[in-house]
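Protein chains in written order, with the numbering used here: chain A, 41 to 789; chain B, 41 to 789.
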């Protein structure tokens with residue numbers, strides 16, 4: 041059990057949140073958990089990874105495909121639509137293990153049951169099984185097909201569409217406004233009963249078949265919809281034709297057969313990635329939900345995109361990729377499905393040219409990675425990203441031009457993938473080049489302070505985004521320093537093992553002159569150090585800012601929609617921060633700071649943190665677990681784990697809708713469980729396993745793959761067991777190292 | 041003629057402006073041109089130079105002395121107060137030549153005439169002659185003495201006072217809140233008629249004598265008030281006693297005798313500083329008014345203060361000294377009254393320790409001069425200087441911590457004084473030290489950009505104050521570069537001529553290690569250069585900002601009180617600037633840029649300038665004259681020359697009163713006449729005289745003292761004549777050099 045997310049009863053007010061909560065997806069498409077009879081007003085969306093479009097001056101964002109699930113049911117002439125006819129009963133059930141969403145709705149005369157999945161086996165395939173059971177004799181009419189009247193935030197992205205029907209096959213074919221990408225959706229319906237085809241509709245952005253049949257009380261009528269989606273981004277010459285052929289082929293298989301193939305993929309995923317908790321069903325279910333979301337959104341078929349900040353649950357935040365990918369999402373895949381992680385790493389190699397171009401734009405060298413990255417490698421972020429609600433004027437923000445830690449995060453992601461997998465392919469195939477370019481970017485961004493004989497990084501936006509234009513931000517500087525160190529390691533590695541590749545790169549990048557600079561800056565870049573109380577100042581002058589409590593500060597808010605960050609938000613001139621910054625740095629570089637320092641800084645910064653970002657709680661959870669604040673760790677773990685389940689998140693900033701999945705928190709939940717409570721860390725040479733379980737938990741079991749070998753860890757409060765049939769690397773448990781030669785070790789705690 | 045500023049008629053709405061316009065002062069005290077019967081509501085003020093006080097958290101500001109002019113007139117029992125009884129006629133007349141303010145008011149039964157002057161001969165003396173002429177027989181009562189119910193912006197600065205009378209002598213003695221400074225005002229009245237003393241009042245913050253007498257039609261009764269002011273800031277042990285003795289002594293002299301002594305000083309001033317224009321009476325009078333204001337405010341008795349931004353016409357802007365002193369006010373005194381200029385130069389030597397302390401506060405070396413400097417050398421400026429009118433929240437401004445050009449301006453002032461006078465005393469006596477410390481400050485403020493092999497100055501507030509936190513501001517960087525160059529010149533001068541002093545300073549300042557740094561930075565400090573179109577970018581990225589017209593931008597204003605500058609004012613993210621910046625740099629360093637470049641930048645920046653500061657017009661006038669835009673030059677000259685006469689200036693920012701004299705514009709007017717149209721410049725070796733007269737002007741004559749020798753320049757459109765009985769230095773006219781051996785040269789144009 042603990043794989044079933046269930047909700048009973050129908051509540052119009054929950055339509056938006058449930059659409060996100062009951063998401064199904066396969067990394068190619070994301071399908072919001074809206075009911076089959078819903079339309080654009082209810083935010084129906086089938087969001088397509090990597091298909092972006094811009095209309096006029098609007099935000100460039102992901103495209104929603106026409107809705108192939110669209111189905112309206114009429115009983116004795118009256119429509120059964122949950123929005124208009126109050127159901128006698130209604131239940132949504134998401135089976136995480138099978139990645140299948142089931143809906144059951146009971147009306148006066150009929151019960152409706154639907155099952156849907158976005159196939160993990162065939163990414164172009166979306167399946168729906170729709171059953172009607174008659175409670176009394178009745179006449180049924182069904183109106184089903186494809187609806188292109190879909191949710192668009194900054195659309196319309198398919199301004200005109202071709203509606204069509206070829207025999208039983210329906211299709212809608214559209215073209216995006218900006219790049220002219222084709223988006224084709226085809227559908228075929230199969231029934232287990234006879235019906236009368238009333239009409240075929242191919243107009244008004246809909247391709248539909250309307251059919252009717254009579255039912256006797258107790259009878260069940262079931263039909264299956266096969267929906268295929270192809271776009272020109274897939275690299276096929278004629279997406280419509282391909283989708284038509286695909287739907288003909290798959291519709292020769294039964295729903296059950298196709299579902300079985302889908303389930304096989306998911307079974308393999310859970311085998312690799314499930315984390316088991318005993319003693320806490322709520323935590324167990326929440327944790328699995330987060331893992332489910334990550335696997336439903338990761339692109340397994342392409343390295344041209346990664347996982348957007350709001351997943352594929354809509355177009356929010358432009359469907360853009362941020363630094364969350366590397367810092368919050370890659371760890372799960374690095375250690376449970378490294379081939380998926382490799383896609384994420386290559387994504388940054390594929391956008392390296394864009395990052396170079398952005399560096400040039402600002403007169404820097406190397407690679408300045410995009411703050412909001414889509415498929416082209418251009419930065420989708422704007423200079424005036426927020427509206428001042430008091431004046432209606434756009435506010436100049438520095439996400440795009442000063443959040444330079446992004447280049448460090450990207451380099452870190454590539455390097456950590458190499459550390460986890462030992463796979464040099466990504467490095468040789470552009471990853472090393474990206475790391476060297478990121479290092480060169482930091483060198484060109486930095487200034488040298490002669491009176492202090494050190495490099496500094498000035499005017500940056502912190503990981504804590506409420507503070508912009510600050511100098512020597514701890515997180516930024518330590519990430520930059522690590523990038524420079526990585527670059528020197530990459531240089532050493534290439535020179536030693538791949539001298540030809542080394543020479544090639546030196547020439548291609550004209551890098552020889554940079555080598556001494558990179559080495560010098562790696563040495564002399566200033567990173568704020570703990571003061572006499574052990575506290576690390578988040579940036580120059582932070583300690584001199586006003587320090588109200590979070591509650592005090594919130595009491596100053598005049599308008600709930602007001603922006604709290606720079607340039608003049610309430611928190612800008614205070615020590616109150618949006619999210620983990622020093623604490624994040626100390627977590628990622630925990631080997632460089634003694635436990636006591638990490639503990640003190642957690643205690644110092646937590647009361648100063650508003651946790652206004654869903655990126656915050658996971659990090660505070662993990663560091664709390666590491667430094668022994670286990671109650672706090674549990675509290676923050678549950679906070680991050682339940683964000684998307686509970687819907688307890690901000691839906692609007694100003695008039696900007698920001699709802700959707702929170703993929704950083706989803707990835708962060710796995711990190712909090714495995715790296716926090718599970719105490720897992722891998723340094724490239726050994727596994728470190730220092731588990732600390734919350735009071736409630738009897739045991740915690742997880743699996744990781746390190747350098748290609750599978751390990752299974754089972755921790756209770758009394759002992760920890762590590763098993764591996766193939767484990768070649770030693771395991772360190774609370775400082776004591778153990779060989780894995782015997783295939784299993786058990787250490788009493 | 042053209043020495044009389046006159047106004048007829050009484051208008052209540054003009055009380056505030058006239059109080060400023062009809063100012064009399066002597067650099068020790070400034071007396072607002074309010075009527076004798078006025079009180080605190082009418083902003084009566086006798087502002088004392090160098091006497092500062094702070095009450096609680098209020099702004100620290102100049103103290104107003106109790107009002108010794110206070111006089112109320114009753115005719116047949118009814119008070120004749122212009123505010124309440126509409127006068128039949130009313131005239132104010134300020135005689136600039138004599139520095140005497142006359143007031144004539146006619147009522148039904150009487151005419152009143154008063155004359156006042158703040159003695160330039162005895163700075164502690166304020167004189168009033170009050171005459172009543174009866175138009176019919178009447179009974180007169182006069183209520184006169186000292187009133188301590190005075191205008192205070194952030195007071196009360198004399199929270200309790202002693203009121204007293206000793207025989208005919210009245211006094212009020214008060215103590216300031218912060219430092220316990222004593223402020224004593226004494227008064228003696230003499231009449232030319234007999235009267236009946238009704239009573240003596242010494243309570244409620246007033247010391248008064250009430251007396252009465254009968255008049256016949258046609259008779260005139262005149263009394264004279266001798267008022268002396270001493271404070272403990274003067275260094276006298278017992279200010280009250282000193283003031284009492286002083287008033288006894290002076291009251292043995294007649295009004296006429298004391299006036300004559302006062303007039304002698306002013307005659308000498310006009311002899312040295314008058315600038316004569318033929319063909320334009322309006323310009324002539326306005327120009328003289330500005331010279332009058334400067335001489336009425338310059339401290340001739342002390343080097344512990346300079347000239348506040350609003351003069352001694354009240355407490356506005358904290359009575360603080362800004363960079364205007366060096367850039368806008370010293371030139372007039374350097375070239376017409378160098379001993380007064382010396383006080384201004386020494387003022388910065390006297391506040392050097394404060395500047396050092398401020399540098400320490402921000403972890404810099406050397407001297408970071410105060411943005412708003414009072415007598416202590418502490419910076420009176422705050423970090424949150426402006427209130428956001430939309431939210432009521434204080435806005436973080438960077439006047440105090442980033443307007444670093446102030447240290448360059450101060451060094452420039454000291455050096456320019458030395459250039460003008462050849463007097464090494466100020467240099468040897470702390471001036472050289474100040475310059476060296478300013479240079480060291482810039483070195484410690486600067487960052488080195490390795491990729492560009494240059495020093496840069498980051499995060500500064502421009503001379504154009506709408507743009508803060510910018511990098512490599514042209515004005516700041518060129519001023520800093522000049523400071524570094526001055527420092528190397530100072531080092532060379534001392535080493536060669538005063539080796540002992542040189543060694544002393546090296547040791548005292550531990551400067552030896554800094555010498556190579558200063559020399560290197562003087563060489564390698566980046567100063568933005570003209571681009572391919574000849575335009576100098578005001579700061580990094582300025583050219584990329586939005587560029588609306590000034591009118592367009594102003595149309596976006598929502599509230600007339602809103603702050604237009606940083607952090608989020610309307611102009612911050614645009615190219616619209618408040619005041620001259622690049623143009624000011626090009627003016628001060630005109631020898632470094634060809635005329636064509638100066639012309640192009642004037643044309644480029646003028647349409648981008650809001651002229652929101654009264655510091656702007658003079659600079660645009662001078663450069664316009666230099667580059668041949670003579671219509672523009674005249675327009676901007678008249679604008680700067682008439683600011684205080686017309687009262688055409690902003691009175692409020694938010695709810696902050698900012699009225700008062702505009703001493704930068706006053707000094708700037710002289711500069712515009714002499715350096716602009718007069719084409720005067722002195723480089724330490726020769727006088728440069730390139731006059732360009734506005735169309736309207738037939739001739740322009742001015743006098744300057746260069747290195748101790750007096751020169752007289754008379755320019756028409758056809759020729760220029762330079763005379764000097766003692767001139768040792770050559771004169772260059774439009775590039776041709778002439779010896780002054782003959783005592784006079786005339787060059788045809």
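In this text, a Cβ means the ideal position worked out from N, Cα and C, and glycines have one as well.
Residue 489 of chain A touches chain B at which residues, Cβ-Cβ below 8 Å? 487 and 488
Interface residues of chain A around residue 397 of chain B at Cβ under 9 Å? Near residue 397 of chain B there are no residues of chain A at all, since even the closest Cβ is about 17 Å away, more than 9 Å.
When DSSP labels each residue in this structure, what does residue 221 of chain B get in the three-state scheme? In the three-state reduction of the DSSP assignment, residue 221 of chain B falls in the coil class, being assigned neither a helical nor a strand state.
Provide the residue span of the beta strand (DSSP E) that contains residue 104 of chain B, from first to last. Residue 104 of chain B -> beta strand (DSSP E) spans 101-104.
Please confirm whether residue 287 of chain A and residue 157 of chain A have their CB atoms less than 8 Å apart. No; because the gap between Cβ atoms is not below 8 Å, this pair is not in contact.
Secondary structure, beta strand (DSSP E): runs of 3+ residues fully inside the region 262-300 of chain B: none
Could one say the Cβ of residue 156 of chain B lies closer than 8 Å to chain A's Cβ atoms, at least one of them? no
Report the rounded CA-to-CA distance for residue 351 of chain A versus residue 359 of chain A, giving the unit in angstroms. 7 Å
For residue 556 of chain B, which residues in chain A fall below 7 Å Cβ to Cβ? Simply none; closest approach about 11 Å.
When DSSP labels each residue in this structure, what does residue 443 of chain B get in the three-state scheme? coil
Spatial neighbours of residue 176 of chain A within its chain, please: CB distance less than 7 Å, with the 5 preceding and 5 following residues excluded, ordered by chain position. Result list for residue 176 of chain A: 149 and 257, in chain order.
Taking 8 Å as the CB-CB limit, is residue 568 of chain B close to chain A? no
Counted within 10 angstroms of its Cβ, other Cβ atoms place residue 424 of chain A as buried (16 or more) or exposed: exposed
So who's on the other strand from residue 316 of chain A, going by DSSP bridges? A/741
Hey, is residue 549 of chain A's beta-carbon within less than 8 Å of any beta-carbon in chain B? Between residue 549 of chain A and chain B, the shortest Cβ-Cβ separation is not below 8 Å.
Roughly how many angstroms separate the alpha carbons of residue 269 of chain A and residue 427 of chain B, rounded to a whole number? One C-alpha to the other measures close to 57 Å.
At 8 Å on the CB atoms, spell out the chain B contacts of residue 505 of chain A, in chain order. The contacting residues do not exist; residue 505 of chain A stays about 17 Å from chain B at best.
Indicate whether at least one CB of chain A lies closer than 8 Å to the CB of residue 311 of chain B. No, no contact with chain A.
Rounded to whole angstroms, what's the CA-CA distance from residue 519 of chain A to residue 564 of chain A? Just pull it up for me. 14 Å
Using Cβ-Cβ distances below 7 Å, what residues of the region 569-603 of chain B are close to chain A? 598
In whole angstroms, what is the alpha-carbon distance linking residue 658 of chain B and residue 127 of chain B? 39 Å
So what's residue 377 of chain A in DSSP terms, helix, strand or just coil? coil
Just verifying my parser: in three-state terms, what is the DSSP assignment at residue 424 of chain A? coil
Near-chain B residues of the region 55-87 of chain A - C-beta to any C-beta below 8 Å: none
Between which residues of its own chain and residue 324 of chain A is the CB-CB distance below 6 Å, once the five residues before and five after are set aside? 42 and 317
Rounded to a whole number of angstroms, what is the C-alpha to C-alpha distance between residue 89 of chain B and residue 341 of chain B? 10 Å
Would you grab the beta carbon distance between residue 517 of chain B and residue 567 of chain B for me? Rounded to a whole angstrom, and I think it's under 8 Å. 5 Å
Taking the C-alpha atoms as reference points, what is the distance between residue 227 of chain B and residue 246 of chain B? About 12 Å.
Answer with buried or exposed for residue 321 of chain B, where buried requires no fewer than 16 other C-beta atoms within 10 angstroms of its C-beta. exposed
If you draw a straight line from the C-alpha of residue 605 of chain A to the C-alpha of residue 378 of chain A, how long is it? Rounded to whole angstroms, the separation of the alpha carbons of residue 378 of chain A and residue 605 of chain A is 37 Å.
Report yes or no: do three or more beta-carbon pairs, one from the region 471-483 of chain B and one from the region 523-537 of chain B, lie closer than 8 Å? Judged by Cβ distances under 8 Å, the region 471-483 of chain B makes contact with the region 523-537 of chain B, as three or more pairs qualify.
For residue 307 of chain A and residue 559 of chain A, I'd like the C-alpha separation in whole angstroms. C-alpha separation (whole angstroms): 47 Å.
Does residue 308 of chain A come out as helix, strand or coil in the three-state DSSP assignment? Helix at residue 308 of chain A.
Taking the alpha carbon of residue 790 of chain B as the reference point, which residue from B/154, B/137 and B/361 has its own alpha carbon closest? Lying before the first or after the last residue shown, residue 790 of chain B is absent from chain B, which here runs from 41 to 789.
Take every Cβ of the region 572-586 of chain A, pair it with every Cβ of the region 460-471 of chain A, and state whether three or more of those distances are shorter than 8 Å. no
Per DSSP, the bridge partner or partners of residue 246 of chain A: A/187 and A/243
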